[in-house]
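Structure first, then comments.
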Amino acid sequence: MYIWFHKLGSAPTFYKWSGLWLPWLGAICFILFAAGLYSGLVYAPADYQQGDSFRIIYMHVPAAWMSMFVYVVMAVSGAIGIIWHVKLAQIAMISSAPIGFSFTVLALVTGSIWGRPMWGTWWEWGDARLMSEALLLFLYIGVIGLSIAIEDKRKAAQAVAILSLVGLINIPIIHYSVVWLNTLHQGPTVSKFDTPSIDMRMFMPLLIMALAFKLFYVVVLLLRTRNELLWRERRSQWVKNIIQGTSND
Amino acid sequence: MTEFLRFLEMGGYAGYVWSAYGISAVVLIITLLLPLLENKYIRKRIDRMLEEEQD
Amino acid sequence: MDQAQPAYSHTNILSAEKLSSEKQDRWLFKDISFTIEPGHIFHIKGANGSGKTTLLRILCGLTVAESGEVLWGDKTIRRQHDQYHTQLSYVGHTDGIKQDLTVEENLRVAAVLAQGKQQPPISFNLADILRRIGLAKKKYTFAHALSAGQRRRLALARCLLNDTSIWILDEPLTALDAQGVGLVEDLINMHIQRKGIAIITSHQALNISDAHYKVLSLS
Amino acid sequence: MNVFTTILKRDLLLAIRYRAELLNPMLFFILIIILFQLGMRAKPEVLITLAPAIVWIAALLSALLSLDHMFRSDMEDGALEQMIISTQPTSLLVLAKIIAHWIITGLAVTLVGPLLGMMLGLSFDATKILFLTLLIGTPILSAIGSIGVALTVGLRRGGVILSLLVLPLFVPVLIFASQTVNTYVGGYSVAAPMSILIALLIFSLSLAPWAASAALRMSVS
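Residue numbers (the numbering used here), protein chains in the order written: chain A, 3 to 251; chain B, 12 to 66; chain C, 1051 to 1269; chain D, 362 to 582.
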């Protein structure tokens, strides 16, 4: 297993294989999105309470899940990058940050739009999930800011790995403190984002969209990692071959 | 046709649902396009760099 | 000259295998290998920005080389971090002296840092060290009151604190007057005679006997 | 152990000899609270509910202001390099620097805080609780802050990034500390938030030095 991992770890083979997989992954991702959107917007019945506005859930909840998931992947690949000096893991970490950031922005925007009809305000300070999502956004901004501020590639990778690990440890603490803050005032209200008593036709689109988002993350991560690889290895022969079109990727 | 119109109304929440999905689509498309554009930009820069080295 | 002191207790060969280092995506140096036996001075020459300081910092274990290893004895320095660093004294461009501390306070702090883990504090003869670096009467003066040359010699005094057998000195002779240069060369000669290793970058020539003198020039 | 005390004494000595540095955080702390007061002109009963948050946000900002000095001077004159290549565990040295930073800035804020709390209308008992939260909370700020400083000390303009990295991590301290005072003012028992604050203190004092020393090795390399 280790040889395979190391072999794939070598840049040219990774570039070649990812080049082959990308079109397929992209196509499947597109299909999943289409299926998810259709089933979410048309097929699923309206919610008895929130009516059709609940359909925003099919964009909001997967985005919120992904914003958390990508941060964990970033921190873990950072740790792998430092401990075993796997170059690819370091690149995957740095490439994941902007994607996680956009998922968090997505979750925040759809969250506040969804909250508008219910709470009458664009930003519900009392909702713990929305607040910790906002703080997660700043954690991402911190990670991206640090990776840009440090020129030296290897130092940036170490710094970002440390910061994302520290951030990862702090996310549950931040979330709990925000949740605790809310229980003080309104008591444990069922947060608006708890998926309503779900029947299959409502839950299926959520599953499809979640898969679509995960695949979307993989596709964009591969694209970004390939760019970073091309630039970092621009002096090596295999990049020259690719650029001068002797072997198209 | 009317069914399609009723679909667009989204039970009166059309504004919220479509704005949420619209912005989400924009954000996702930008996230997808950025690396693609960056790829083109990097290839061009490396190409120019290789040209410099050759002559 | 001082009475000949005994040779260092345990000295090893310091060697580098295929060290290479990159800076802003161009190679500073590539696949450099050398070995330094105890009792030798290793003079690294090269223009500014040719990676001399980076090579020194790699040998100290401060920076990690892009590829290649530094071996002390048979093991890499990464695996014997503590044993290696109890034997190492490093004086870089910035001499590590706190301006707002007196000469004595600077040396006391350096002694604590040089002391091995769970080892008793180092007993060092402060007066003797100050005499050997020519700062005998400066025990209580603040570092900011010293001249650049005196501060340089105070930084070099760190090497005398804990009988370290490996000295890594980055431009030790800068800002030193003739008398200072003579004094530092005596210290280094003494160190070589005691079978120590001295790795030095310097633009000025050092009059050290050729038998123990190796040069590496970085293009 | 004497390494810890040596570095601690050294830092305190340096701070005392460079006195101008000492007053800065405290003046900043008082100034922010006065600005809040001027900005709000709130009625007393409103001010009481805001007082803990105002004092704590001021404490947060003044800690942030003084964090940069923790490693900056050592980085510039090479003392940091000597600490890293010394055989002493770097995390022990970092812990000494955190405690030194706390004594220099956090302690001053902790002593002045209750006075300003009273100025904002808190009862005497409430200021005792405020004092306790400051006493426990400000070391956490120094500990978490040390990680941010260690990450950015190598950068020329690290200050901007530093606040961006560190403020989100300060949020739990702010919430639990100011809420402890509010729950006290509200007449409820303070055991829960106070114990969480103590847990945060122990947690950050044990983990932060390790993370900060890893970051320092990166910054120095």
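Each residue gets a CB set at the ideal place from its N, CA and C atoms; glycine is no exception.
All values derive from a computational prediction rather than experimental measurement.
Under the criterion of a Cβ to heavy atom distance below 7 Å, does residue i qualify as lining the ligand NAD?
{"i": "Thr1104/C", "result": "The ligand NAD is absent from the structure shown, which contains no ligands of any kind."}
Return the residue from the list the options that minimises the CA-CA distance to residue i.
{"i": "Ala576/D", "options": "Leu213/A, Ala163/A, Val181/A", "result": "Ala163/A"}
{"i": "Gly33/B", "options": "Ile84/A, Thr123/A, Pro47/A, Ile115/A", "result": "Ile115/A"}
{"i": "Thr1136/C", "options": "Val1231/C, Tyr1058/C, Leu1233/C", "result": "Tyr1058/C"}
{"i": "Ala36/A", "options": "Tyr60/A, Tyr17/A, Leu24/A, Pro14/A", "result": "Tyr60/A"}
{"i": "Tyr1140/C", "options": "Lys1188/C, Ile1242/C, Gly1123/C, Ala1160/C", "result": "Ala1160/C"}
{"i": "Gly26/B", "options": "Tyr17/A, Thr112/A, Gly247/A", "result": "Thr112/A"}
{"i": "Thr1085/C", "options": "Ser1070/C, Gly1101/C, Ala1066/C", "result": "Ala1066/C"}
{"i": "Ala1261/C", "options": "Gln1243/C, Ser1269/C, Gln1200/C", "result": "Gln1243/C"}
{"i": "Pro46/B", "options": "Gln239/A, Ser238/A, Val221/A", "result": "Val221/A"}
{"i": "Cys1209/C", "options": "Phe1174/C, Ala1198/C, Gly1230/C", "result": "Phe1174/C"}
{"i": "Lys1264/C", "options": "Lys1095/C, Gln1074/C, Pro1056/C", "result": "Lys1095/C"}
{"i": "Leu27/A", "options": "Phe215/A, Gly247/A, Lys242/A, Gly53/A", "result": "Phe215/A"}
{"i": "Asn1062/C", "options": "Pro1056/C, Arg1076/C, His1090/C, Leu1256/C", "result": "His1090/C"}
{"i": "Thr1144/C", "options": "Ala414/D, Thr541/D, Leu441/D", "result": "Leu441/D"}
{"i": "Leu1223/C", "options": "Trp1217/C, Ala1255/C, Met1240/C, His1241/C", "result": "Ala1255/C"}
{"i": "Phe475/D", "options": "Phe390/D, Leu528/D, Val514/D, Glu406/D", "result": "Just to set this straight, residue 475/D is Pro in the shown sequence, not Phe. The candidate whose alpha carbon is nearest that of Pro475/D is Phe390/D."}
Any idea what DSSP makes of residue i, helix, strand or coil?
{"i": "Asp1150/C", "result": "coil"}
{"i": "Tyr379/D", "result": "coil"}
{"i": "Phe1192/C", "result": "strand"}
{"i": "Ile96/A", "result": "helix"}
{"i": "Tyr17/A", "result": "helix"}
{"i": "Thr191/A", "result": "In this predicted model, Thr191/A has a pLDDT of only 46, less than 50, meaning its place in the structure is not dependable enough to derive any value."}
{"i": "Gly1118/C", "result": "strand"}
{"i": "Ile1258/C", "result": "coil"}
{"i": "Trp1217/C", "result": "strand"}
{"i": "Val551/D", "result": "coil"}
{"i": "Gly506/D", "result": "helix"}
{"i": "Leu1138/C", "result": "strand"}
{"i": "Gly519/D", "result": "helix"}
{"i": "Asp251/A", "result": "Because the pLDDT of Asp251/A is 46, which lies under 50, any placement of that residue in the model is unreliable, and the number read from its coordinates should be weighed accordingly. DSSP places Asp251/A in coil when its eight states are reduced to three."}
{"i": "Tyr1263/C", "result": "strand"}
{"i": "Thr123/A", "result": "coil"}
{"i": "Thr1126/C", "result": "strand"}
{"i": "Leu512/D", "result": "helix"}
{"i": "Leu231/A", "result": "helix"}
{"i": "Gly400/D", "result": "helix"}
{"i": "Leu1268/C", "result": "strand"}
{"i": "Gly53/A", "result": "strand"}
Given that residue i touches chain B, what residues does it touch there, using C-beta distances under 7 Å?
{"i": "Thr112/A", "result": "Ala31, Ser35"}
{"i": "Ile115/A", "result": "Tyr27, Ser30, Ala31"}
Give the interface partners of residue i over in chain B, defined as CB-CB distance under 9 Å, in chain order.
{"i": "Gly53/A", "result": "Met21, Gly22, Gly23, Tyr24"}
{"i": "Asn243/A", "result": "Those within 9 Å of Asn243/A in chain B number zero; the least Cβ separation is about 11 Å."}
Identify the contact partners of residue i in chain C, using a Cβ-Cβ distance below 8 Å as the criterion.
{"i": "Arg380/D", "result": "Those within 8 Å of Arg380/D in chain C number zero; the least Cβ separation is about 11 Å."}
{"i": "Gln449/D", "result": "Val1162, Leu1163, Gln1165, Lys1167"}
Along chain D, which residues have their Cβ under 7 Å away from the Cβ of residue i?
{"i": "Ser179/A", "result": "Val532, Pro533, Ile536, Phe537"}
{"i": "Leu1138/C", "result": "Ile446"}
Give the residues of chain A in contact with residue i, contact being defined as C-beta atoms less than 8 Å apart.
{"i": "Met60/B", "result": "Arg236"}
{"i": "Ile522/D", "result": "Gly144, Gly147, Leu148, Ala151"}
Name, please, each residue of chain A whose Cβ falls closer than 7 Å to the Cβ of residue i.
{"i": "Thr13/B", "result": "Ordered by position in chain A, no residue passes the 7 Å Cβ test against Thr13/B, which lies about 15 Å from the chain."}
{"i": "Met590/D", "result": "Outside the displayed range of chain D (362 to 582) lies residue 590/D, so it cannot be described from this structure."}
{"i": "Glu49/B", "result": "Asn229"}
Identify the contact partners of residue i in chain B, using a Cβ-Cβ distance below 8 Å as the criterion.
{"i": "Arg118/A", "result": "Tyr27"}
Residues of chain D with a CB under 9 Å from the CB of residue i: which are they?
{"i": "Asn172/A", "result": "Ile505, Pro529, Leu530, Val532, Pro533"}
By the criterion of Cβ-Cβ separation under 7 Å, what are the contact partners of residue i in chain C?
{"i": "Ser582/D", "result": "Leu1112, Thr1113, Val1114"}
Find the residues of chain C that neighbour residue i, judging by a C-beta separation of less than 9 Å, and give them in chain order.
{"i": "Arg433/D", "result": "Residues of chain C passing the Cβ test: none, with the nearest at roughly 13 Å."}
Checklist entry - At which residue ranges does the stretch 1059-1108 of chain C contain complete beta strand (DSSP E) runs of 3 or more residues, listed in the order of the chain? => result 1064-1073, 1076-1086, 1090-1096
Next on the checklist: Below 8 Å, how does it come out for the stretch 83-93 of chain A and the stretch 170-189 of chain A: are there three or more Cβ pairs, yes or no?
Outcome noted: no
Checklist entry - Enumerated in chain order, which unbroken segments of the alpha helix (DSSP H) with a length of 4 residues or greater are wholly contained in the stretch 126-184 of chain A? => result 130-151
Checklist entry - Is the number of C-beta pairs between the stretch 231-246 of chain A and the stretch 66-85 of chain A that are closer than 8 Å three or more? => result no
Checklist entry - Hey, is the stretch 1141-1161 of chain C in contact with the stretch 1183-1196 of chain C, meaning 3+ C-beta pairs nearer than 8 Å? => result yes
Item to check | alpha helix (DSSP H) runs contained entirely in the stretch 1223-1257 of chain C, provided each spans 4 or more residues | outcome: 1228-1243
Item to check | Whole runs of the alpha helix (DSSP H) within the stretch 435-498 of chain D, excluding any shorter than 4 residues | outcome: 440-446, 451-462, 468-480
Checklist entry - Is there contact here, the stretch 418-425 of chain D with the stretch 461-477 of chain D, by at least three beta-carbon pairs under 8 Å? => result yes
Item to check | Contact between the stretch 450-467 of chain D and the stretch 530-550 of chain D (3+ Cβ pairs under 8 Å) | outcome: no
Item to check | Three-pair Cβ contact test at 8 Å for the stretch 565-576 of chain D versus the stretch 140-157 of chain A | outcome: no
Checklist entry - Is the stretch 35-53 of chain A close to the stretch 124-139 of chain A, with three or more CB pairs under 8 Å? => result no
Checklist entry - Counting Cβ pairs, one atom from each stretch, are 3 or more of them under 8 Å apart for the stretch 1098-1117 of chain C and the stretch 388-404 of chain D? => result no
Checklist entry - Would you call the stretch 63-70 of chain A and the stretch 101-110 of chain A touching, i.e. three or more CB-CB distances under 8 Å? => result yes
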